[in-house]
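Engineer: Have a look at this one.
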């Protein structure tokens, strides 16, 4: 049965700010869309002087390709649903041509450029029946071969990403010793060509990269088990690398074009390179070029490598950008996108590191080539494994650094970010040869370092929880990535606080992304009177504040009513915030009250609990809440904002409970007969919400001890549904084995049978 509570004084106001967040009105500073900052305390410094911040005209698009490098993609898991939740628009997948293309012409007759060109013409004329090619066996490998390292199959992964409308970035690798001569080079050309041809003609793929981190120092090679010698991981010289890059570039371009030809479409390859380990670094607290320029260091990670003593890897590629494998100057560059990696930037000492790195790359392009390529990061993160400081759950700690990277990348007009990485499949990861973290050499990779999502470590290898880092970059994706357009932002830079405004035309929403570092408190006014985008201005809806902090795992923190054209908010240190307000073309529709509610409990698997909304997890059981809403008549494409609102709490002394909410189309169930045994979309063995992508993650609820509104912005999930009736499922998942702090805390929420109408579970919708 539902809990009954006394109505608060403002019970008629459904937009009442939650208790205990210290929201207060302050003076309006300046004009237009802006922030007035006061009392900003930076890293132990004195309070900063008040500074105005204003957001004005559109400066350009948000980051065009915001996504991740993938680990696994298990067919039947919920990976696709979480990829949609993260707003990831691109996925980088490792498909090595040498894994799939095994049967090619031996190359014995290819001894010079002329015979190379002749063999190439035969291959391009009829790729599926070319000499030495076993097309059927190759196709079978793409369809059925389990990938190395992480579970998944090539075609399953591609189909899954394409079903989401996700751009696919295919990472290829080196496939030969590039000092051996024409027969070897021809075999490598064939492998790259057939790889691109198959993926182009079958799926229309055209974005490829070759090859990953060629600049890894020779001293970081692989030990020969017989001689003990450290073998080079890539190329003996920069010249060997350039030959490989030019040859494979030609093969990939030809494969994409011919695949399109045979599929009846015109297709042009987009090639990424040079995929450097990094283009810049922080050295002794200062910004420094690394592998863009010559490096004569004799110590350190990049020291003692003679290959780049005369010119850097980046410099060499730029100088040879318009030289093909024949040695001829051509108009077509060997790469189309400047692709680099980056980890371990010291943002405390160089707060604008990524702005400087983008400027460095563009300066080298200007001086060497006289033209600019778009810049993308196909791997980027706060730290890599080796520099994590052995923090097992790094991205639950360093989420602010990830948000900082996103802000800088957006301002630097970077074309794409692919965070490394989405996740790993632990069961398929071998232990490291040497302890990575002291005495714990068996530590499975998903338990450590730089992965953004926690997996259940058994089939079907579902994602069970996002890290705080994943939630922070999701806020960044919504504010800073396409389709959002960035608004000019001018403010007095105060150490520890960064903001960036934007407008999302697809959801008709003005947004502010705000990052506050540790040791800083930012109290500011967000002004709405000057907001403008193509004639639209800020509407009358409340400003929604979504928060990620060390205590708040994500979700709506509070709603702020606009008074006098402004709202005020005090943002604590170590936090990331998205503030949003819909424009004046949007209005709130009548709320949809839940038509049916129930809970199920694994401890009483055959018992029905109608008209009960409760969530908890213990060491041996889980209680999960179900709600049904009618959304008939709602045009999902015109939903600017959707918010789930539940009124409830956890008992006094229990602090809080962090819950996940999911939205699913349809699902037939009755409160009077719903039990643990028949409840839809749950993994009954592991006691979490599953459903192979049918249960769409919608966000996190942070339920405290005070009776209050608990809210989640569920806009993306609602827009992805099509049925007239949806099911909302609320559960407490366990991230990992030691995630037991909230065990036994039971959150309860008011049901539609409550006599207090303002407490009824509801779906609030703003549409145009």
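In our numbering, the protein residues as written are 340 to 1107.
Cβ coordinates follow ideal geometry from the N, Cα and C atoms, glycine included.
(1) Flag this pair as yes or no: are the beta carbons of residue 497 and residue 824 separated by less than 8 Å?
(2) Are the Cβ atoms of residue 1108 and residue 758 separated by less than 8 Å?
(3) From which residue to which residue does the beta strand (DSSP E) around residue 691 run?
(4) Bridge partners of residue 1039, per DSSP?
(5) Considering only the beta carbon of each residue, do residue 866 and residue 808 sit closer than 8 Å?
(6) So which of 1005, 1004, 1027 has the shortest CA-CA distance to residue 1015?
(7) Beta-carbon within less than 7 Å of residue 889's beta-carbon, same chain only, minus the 5 sequence neighbours each way: which residues are those?
(8) Provide the residue(s) that pair with residue 438 in DSSP beta bridges, ordered along the chain.
(9) Can you list, in chain order, the residues of its chain with a C-beta nearer than 6 Å to that of residue 410? Leave out the 5 residues immediately preceding and following it.
(10) Would you kindly work out how many angstroms separate the C-alpha atoms of residue 569 and residue 554, rounded to a whole number?
(11) In the structure shown, what three-state DSSP assignment does residue 459 receive?
(12) Along the chain, which unbroken stretches of the beta strand (DSSP E) at least 3 residues long are found entirely within the stretch 874-930?
(13) Say whether the stretch 591-605 touches the stretch 538-546, bearing in mind that this needs 3 or more beta-carbon pairs closer than 8 Å, one atom from each stretch.
(14) Decide if the stretch 967-984 is in contact with the stretch 1054-1072; the criterion is three or more beta carbon pairs, one per stretch, under 8 Å apart.
(15) Whose C-beta lies closer than 7 Å to the C-beta of residue 495 among residues of the same chain, with five residues either side of it excluded?
(16) Just the C-alpha distance for residue 801 and residue 416, rounded to the nearest angstrom, thanks.
(17) Return the chain-ordered list of same chain residues with a C-beta closer than 7 Å to the C-beta of residue 666, the five sequence neighbours on each side being excluded.
(18) Do residue 517 and residue 449 have their C-beta atoms within less than 8 Å of each other?
(19) Output needed for residue 650: all residues of its chain with C-beta closer than 8 Å, excluding positions within five of it in sequence on either side, in chain order.
(20) When we look at the beta-carbon of residue 671 and count the other beta-carbons within 10 Å, is it buried (16 or more) or exposed?
(21) In whole angstroms, what separates the C-alpha of residue 893 from that of residue 857?
(22) Would you tell me roughly how many angstroms separate the C-alpha atoms of residue 575 and residue 655, rounded to the nearest one?
(23) Let me know the beta strand (DSSP E) ranges lying completely inside the stretch 787-840, each 3 residues or longer, listed in chain order.
(24) Report buried or exposed for residue 468, applying the criterion of at least 16 other Cβ atoms within 10 angstroms of its Cβ.
(25) For residue 1060, count neighbouring C-beta atoms within 10 Å of its own C-beta (all shown protein chains included) and say buried if the count is 16 or more, exposed if not.
(26) Which value, in whole angstroms, describes the spacing of the CA atoms of residue 442 and residue 472?
(27) Find the nearest neighbour of residue 1063 within the set 1000, 1081, 996, 972, judged by alpha-carbon distance.
(28) Anyone know if the C-beta pair for residue 1105 and residue 921 falls short of 8 Å?
(29) Contact check, residue 550 vs residue 512 under 8 Å by CB: the rounded distance?
(30) Considering just the uninterrupted stretch of the beta strand (DSSP E) at residue 506, what are its terminal residues?
(31) What three-state label does DSSP hand residue 316 in the structure shown?
(32) Verify whether the separation of the beta carbon atoms of residue 885 and residue 1103 is less than 8 Å.
(33) When you compare only the Cα positions, how much space is there between residue 372 and residue 842?
(34) By how many angstroms is the C-alpha of residue 707 removed from the C-alpha of residue 593?
(35) Rounded C-beta distance between residue 887 and residue 915? I'm assuming under 8 Å.
(36) Under 8 Å: do the stretch 710-726 and the stretch 743-754 share three or more Cβ pairs, one atom per stretch?
Structural biologist: Based on what the coordinates show:
(1) Going by C-beta atoms, residue 497 is not nearer than 8 Å to residue 824.
(2) Because the chain spans 340 through 1107 in this model, residue 1108 falls outside it and cannot be assessed.
(3) In the DSSP assignment, residue 691 falls outside any beta strand (DSSP E), carrying neither H nor E.
(4) Residue 1039 pairs with 999.
(5) Taking a C-beta distance under 8 Å as the contact criterion, residue 866 and residue 808 do not qualify as a contact pair.
(6) Proximity to residue 1015 across 1005, 1004, 1027 peaks at 1027, based on C-alpha coordinates.
(7) Same-chain partners within the cutoff: 913.
(8) BP columns for residue 438 are empty, so no partner.
(9) Answer for residue 410: 489, 760, 761, 762, 763, listed in chain order.
(10) Caution applies to residue 569, whose pLDDT of 42 falls short of 50 and renders its modelled position unreliable; the value that the coordinates give is listed next. Cα atoms of residue 569 and residue 554: separation of roughly 15 Å, rounded to the nearest angstrom.
(11) Reduced to three states, the DSSP call for residue 459 is helix.
(12) For the stretch 874-930, whole beta strand (DSSP E) runs of length 3 or above, ordered along the chain, are 882-888, 895-899, 905-910, 914-921.
(13) When Cβ pairs closer than 8 Å are counted between the two stretches, the stretch 591-605 is seen to touch the stretch 538-546, the count reaching three or more.
(14) Yes, the stretch 967-984 is in contact with the stretch 1054-1072.
(15) 412, 414, listed in sequence order.
(16) The C-alpha of residue 801 lies about 5 Å from the C-alpha of residue 416.
(17) Result list for residue 666: empty, nothing under 7 Å.
(18) Not closer than 8 Å, so no.
(19) 577, 632, 633, 658, listed in sequence order.
(20) Within 10 angstroms of the beta-carbon of residue 671 lie fewer than 16 other beta-carbons, which makes it exposed.
(21) Whole-angstrom Cα-Cα distance: 18 Å.
(22) In this model, residue 575 and residue 655 are separated by some 15 Å (Cα to Cα).
(23) Counting only runs of at least 3 residues, the stretch 787-840 fully encloses the following beta strand (DSSP E) elements, listed from N- to C-terminal order: 792-794, 802-805, 824-830.
(24) That one is exposed.
(25) Buried, by the Cβ-count rule.
(26) For residue 442 and residue 472, the distance between alpha carbons rounds to 5 Å.
(27) Ranking the options by Cα distance to residue 1063, first place goes to 972.
(28) Contact flag set, yes.
(29) Contact flag correct, Cβ pair sits at about 5 Å.
(30) Residue range 506-510 is occupied by the beta strand (DSSP E) that includes residue 506.
(31) Residue coverage of the chain in this structure runs from 340 to 1107, which leaves residue 316 outside it and unanswerable.
(32) One thing to note: residue 885 has its Cβ no nearer than 8 Å to the Cβ of residue 1103.
(33) Its pLDDT being 36, under 50, residue 372 is placed unreliably by the model, and the measurement read from it follows with that caveat. One C-alpha to the other measures close to 12 Å.
(34) For residue 593 and residue 707, the distance between alpha carbons rounds to 27 Å.
(35) Approximately 5 Å separates the beta-carbon atoms of residue 887 and residue 915; this is inside 8 Å, confirming the contact.
(36) Yes, they touch.
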